[in-house]
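Peer 1: Take this structure first; my questions come after.
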Amino acid sequence: MAVLIRNEVFSCFVFYGVILVMKIYIIAIITGQVRLRKKAFANPEDALRHGGVQYHREDPYVERCRRAHINDIENILPFLFLGAIYSMTGPSLTVARLHFLVFLMARVLHSIAYLFALRAPTRSLAYTVAQIPCLSMALQILIAVAAYA
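Numbered according to UniProt numbering, the sequence shown spans residues 1 to 149.
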């Protein structure tokens, strides 16, 4: 582990990766808090605990928060895999940091656009921008390992 941490690119990746994992948790907490505030529970036992079975229901804003959370999981997990492998291919620290930063900023904007229902195409553009560094890392990984395949 110490050897990986001494790898500047991997250390940079770990920094951004941990922030992104924390972001997933933050969106999950927001979703839970909105459920409580809106009294819209996915499970009957939770509804009973918080006032009655009538609160076992869907709420549009809770669903929006939940979709933002699911979207984070669907996109951040592949980034974590790609970023870890990419870090081991020997990229430039500056270029790698740019990949990681662009992904982070685009995902933050995506969540803001989702949670605050910003006008289209803000969310779509943020999603697309976040895919660019992932595609770039994936291609660079494939190029790096092609010689060994």
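By construction, the Cβ of each residue, glycine as well, lies at the ideal position given by its N, Cα and C atoms. Source: prediction; values computed, not measured.
(1) Tell me the residue span of the alpha helix (DSSP H) that contains residue 151.
(2) Please classify residue 54 as buried or exposed, where buried requires at least 16 other C-beta atoms within 10 Å of its C-beta.
(3) Hey, is the region 78-98 in contact with the region 31-44, meaning 3+ C-beta pairs nearer than 8 Å?
(4) Check this for me: beta carbons of residue 94 and residue 62, under 8 Å apart or not?
(5) Run through the DSSP bridge pairs and tell me what residue 164 is partnered with.
(6) For the 8 Å Cβ check, are there 3 or more pairs between the region 101-113 and the region 16-36?
(7) With respect to the alpha helix (DSSP H) encompassing residue 38, which residues constitute its N-terminal and C-terminal limits?
Peer 2: For this structure:
(1) The chain is shown only over 1 to 149; residue 151 falls outside these bounds and no answer can be derived.
(2) Reading the sequence shown from its first residue, position 54 is the one you call residue 54. Looking at its Cβ environment, which holds fewer than 16 other Cβ atoms inside 10 Å, residue 54 is exposed.
(3) no
(4) On the sequence shown, position 94 is the one that residue 94 refers to. On the sequence shown, position 62 is the one that residue 62 refers to. No. Outside cutoff.
(5) Residue 164 lies beyond the stretch modelled for the chain, which goes from 1 to 149, so this question has no answer here.
(6) yes
(7) In the sequence shown, the residue the question calls residue 38 occupies position 38. Element bounds for residue 38: 8-38.
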